[in-house]
Amino acid sequence: MNDYRILIADDEEPQRTTLAGFLRKKGYSTLEAASGDAALKIVQREAIDLVLSDLRMPGLTGLELLKGVREANPEVAVIVMTAFGTVESAVEAMAEGAWTYVQKPVDLSALAIHIERALERKLLAEENRELRARIGEIDASGSGLIAASDEMREVLGLVARAAPSRASVMILGQSGTGKEQVARAIHRASPRASKPFVPVNIAAIPETLLESELFGHEKGSFTGAIDRHTGFFERANGGTLFIDEIGDMPPQGQVKLLRVLQEGTIERVGGRGLIEVDVRIVAATHRDLDTLIKERIFREDLYYRLNVVRIEIPPLKKRKADIPPLVDHFVKRYSALNGKDVKGLERDALDRMMKHTWPGNVRELENAIESAVVITRGNLIAVQDLPQNVRGADSRDAAFVDDGSLSLPDRVEAFERGVVYRTLDEVDGNKSEAARRLGVSEKAIRYRLKRWEEGVDEPPGEDE
Numbered sequence: 060m061n062d063y064r065i066l067i068a069d070d071e072e073p074q075r076t077t078l079a080g081f082l083r084k085k086g087y088s089t090l091e092a093a094s095g096d097a098a099l100k101i102v103q104r105e106a107i108d109l110v111l112s113d114l115r116m117p118g119l120t121g122l123e124l125l126k127g128v129r130e131a132n133p134e135v136a137v138i139v140m141t142a143f144g145t146v147e148s149a150v151e152a153m154a155e156g157a158w159t160y161v162q163k164p165v166d167l168s169a170l171a172i173h174i175e176r177a178l179e180r181k182l183l184a185e186e187n188r189e190l191r192a193r194i195g196e197i198d199a200s201g202s203g204l205i206a207a208s209d210e211m212r213e214v215l216g217l218v219a220r221a222a223p224s225r226a227s228v229m230i231l232g233q234s235g236t237g238k239e240q241v242a243r244a245i246h247r248a249s250p251r252a253s254k255p256f257v258p259v260n261i262a263a264i265p266e267t268l269l270e271s272e273l274f275g276h277e278k279g280s281f282t283g284a285i286d287r288h289t290g291f292f293e294r295a296n297g298g299t300l301f302i303d304e305i306g307d308m309p310p311q312g313q314v315k316l317l318r319v320l321q322e323g324t325i326e327r328v329g330g331r332g333l334i335e336v337d338v339r340i341v342a343a344t345h346r347d348l349d350t351l352i353k354e355r356i357f358r359e360d361l362y363y364r365l366n367v368v369r370i371e372i373p374p375l376k377k378r379k380a381d382i383p384p385l386v387d388h389f390v391k392r393y394s395a396l397n398g399k400d401v402k403g404l405e406r407d408a409l410d411r412m413m414k415h416t417w418p419g420n421v422r423e424l425e426n427a428i429e430s431a432v433v434i435t436r437g438n439l440i441a442v443q444d445l446p447q448n449v450r451g452a453d454s455r456d457a458a459f460v461d462d463g464s465l466s467l468p469d470r471v472e473a474f475e476r477g478v479v480y481r482t483l484d485e486v487d488g489n490k491s492e493a494a495r496r497l498g499v500s501e502k503a504i505r506y507r508l509k510r511w512e513e514g515v516d517e518p519p520g521e522d523e
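Quick note: the sequence shown uses the numbering used here, first residue 60, plus one each step.
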């Protein structure tokens, strides 16, 4: 008896019965669904290794089911069954990611071989990930980024093409997607790699100190300026300055930054002369700059100076092929940091990770793994070791689960956490819209996410 679970989706009961009986004799566990809709619900709820699906079914077609399976968990193999005359649709299914197709009436011996090969490939992929994690070859490109998905490989391609140039780069993406990692990859692959990489987060600098932090100041230039201060531009001279959250830069700061980009010189606050700087700018933001430009919040001329090369990082839920190697990477890191011997995740736990929508993106995933590594008692992380919002197939379905073991404060916290994550799922991670729907400030949402995802518990302020 093996441990693989196969879902049979076919509206013809005799066909399902025959296939299920044959597969059980081969040692597989089987589940059955009489429609594409029912099959997709099972995939979203259960840990499935392979789906055997008819192409023509009531409700969702086999092709639509395939797309739903790929979205829920791209590691689940799909074999489609097709009657005579629908081979063209089967070929289309393979283009969408099906493992292969078989024609009806199904040759059971041939089907068994297809299933065995599909599951062998799945097992081989898992073993390869474990091996790469063990020897530290997480990223063959050397960029420091994990890119198993086509979407992130495309990002790496843009990094490789942009890095050798002097061009400014604009990186766009939701919070937690890895914008700074992409910026560091650009720097490491550039001729400036031996020079400084200096990151600065605009949102973390008070507006009154922004000019001093960017360009420096002279001693005595203002109250409290007891010494000369070297700004970020001078510290990054010859290298790369990564300006994170550029969309939060105030108007006066935008004017001064534009001047530096145009002239290649800076002037310290209280200084009397210009200082030449050779700095490559990589900027990033989670905000919609096109909207900010229309609202005259962000300068269009500065945007064009910064947006010479544009790199958009998709959210984690749209590049789920990256989840398993990211999980392996973080398990290895936090197992070592905590002096534990955690090898990975149980299959059901990884399945839950694949199906979660990750509103906090890679940062949330990293936090979930760190927490699970600390909590688990064994060598493999189980479903119960995962944070509550990740345990469900989708956080919309796991807003609050009361098993009677939580104290009242913990129950309130769990309920609140589920509601926030569910709302973020519904608005595709837009924190401003989530805050509006929940009747709280965006700062309150960010405070809670920071507490849940990074373990930082700082008061949100008076508008909480």
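Just so you know, even glycine gets a beta-carbon here, dropped at the ideal spot from N, CA and C. Keep in mind that this is a model prediction, so the values were computed, not measured.
Check: Can you give me the start and stop residues for the alpha helix (DSSP H) that residue 274 sits inside?; Outcome: 269 to 274
Check: How is residue 303 classed by DSSP in three states: helix, strand or coil?; Outcome: strand
Check: Residue 256 and residue 292 - do their beta-carbons sit closer together than 8 Å?; Outcome: no
Check: Span of the beta strand (DSSP E) holding residue 258?; Outcome: 256 to 260
Check: Would you mind listing the beta strand (DSSP E) stretches within the segment 103 to 140 that are 3+ residues and don't spill past its ends, in chain order?; Outcome: 109 to 113
Check: What distance in whole Å lies between the Cβ atoms of residue 344 and residue 527, which are believed to be in contact at a cut-off of 8 Å?; Outcome: Lying before the first or after the last residue shown, residue 527 is absent from the chain, which here runs from 60 to 523.
Check: Could you tell me whether the segment 118 to 137 touches the segment 375 to 383, where touching means 3 or more Cβ pairs closer than 8 Å?; Outcome: yes
Check: I need the DSSP call for residue 77, collapsed to helix, strand or coil.; Outcome: helix
Check: Mind checking whether the beta-carbon of residue 124 lies closer than 7 Å to any heavy atom of the ligand ADP?; Outcome: By its list of ligands, the structure shown contains no ligand whatsoever, and the ligand ADP lies outside what it can speak to.
Check: From 214, 66, 155, pick the residue whose C-alpha is nearest to that of residue 87; which is it?; Outcome: 66
Check: Evaluate contact between the segment 209 to 216 and the segment 352 to 359, counting only Cβ atoms and requiring at least three cross-stretch pairs below 8 Å.; Outcome: no
Check: Under 8 Å: do the segment 304 to 319 and the segment 259 to 270 share three or more Cβ pairs, one atom per stretch?; Outcome: yes
Check: Quick check: the segment 426 to 442 against the segment 489 to 505, are at least 3 beta-carbon pairs closer than 8 Å?; Outcome: no
Check: Quick one: grab the DSSP three-state call for residue 415.; Outcome: coil
Check: Taking the continuous alpha helix (DSSP H) assigned at residue 92, which residues delimit it?; Outcome: Residue 92 -> not in any alpha helix (DSSP H); beta strand (DSSP E) instead, spanning 88 to 92.
Check: What residues are listed by DSSP as bridge partners for residue 68?; Outcome: 92, 112
Check: Taking Cβ to Cβ, would you say residue 222 is nearer than 8 Å to residue 205?; Outcome: no
Check: From this set, 348, 366, 92, 443, which residue's C-alpha is nearest residue 405's C-alpha?; Outcome: 443
Check: Out of curiosity, what's the CA-to-CA distance linking residue 285 and residue 327?; Outcome: 14 Å
Check: How about residue 414 and residue 103: do their beta carbons lie closer than 8 Å?; Outcome: yes
Check: For residue 237, I'd like the list of residues in its chain whose CB is within less than 8 Å of its CB, leaving aside the five on either flank, ordered along the chain.; Outcome: 204, 372, 420, 421
Check: At which residue ranges does the segment 289 to 337 contain complete beta strand (DSSP E) runs of 3 or more residues, listed in the order of the chain?; Outcome: 299 to 303
Check: Can you tell me where the alpha helix (DSSP H) with residue 350 in it begins and where it stops?; Outcome: 348 to 353
Check: DSSP three-state call for residue 369: helix, strand or coil?; Outcome: strand
Check: What residue does the beta strand (DSSP E) around residue 434 start on, and which one ends it?; Outcome: Where residue 434 is concerned, there is no enclosing beta strand (DSSP E), although the alpha helix (DSSP H) it sits in stretches over 420 to 434.
Check: Tell me the DSSP secondary structure of residue 473 in three-state form.; Outcome: helix
Check: Check for me: the beta strand (DSSP E) holding residue 340 runs from which residue to which?; Outcome: 339 to 344
Check: By DSSP, does residue 160 sit in helix, in strand, or in coil?; Outcome: strand
Check: For residue 457, name the three-state secondary structure that DSSP assigns.; Outcome: In this predicted model, residue 457 has a pLDDT of only 38, less than 50, meaning its place in the structure is not dependable enough to derive any value.
Check: My output table needs one value for residue 218: the three-state DSSP class, helix, strand or coil.; Outcome: helix
Check: Where residue 250 and residue 331 are concerned, what is the direct C-alpha to C-alpha distance, given to the nearest angstrom?; Outcome: 32 Å
Check: Spatial neighbours of residue 507 within its chain, please: C-beta separation below 7 Å, excluding the five flanking residues on both sides.; Outcome: 479
Check: For the candidate residues 335, 477, 276, 367, whose alpha-carbon lies nearest to that of residue 448?; Outcome: 477
Check: Could you check the C-alpha separation between residue 393 and residue 347 for me, to the nearest Å?; Outcome: 34 Å
Check: Could you give the distance in angstroms between the alpha-carbon of residue 440 and the alpha-carbon of residue 390?; Outcome: 9 Å
Check: What's the gap between the Cα of residue 295 and the Cα of residue 338?; Outcome: 6 Å
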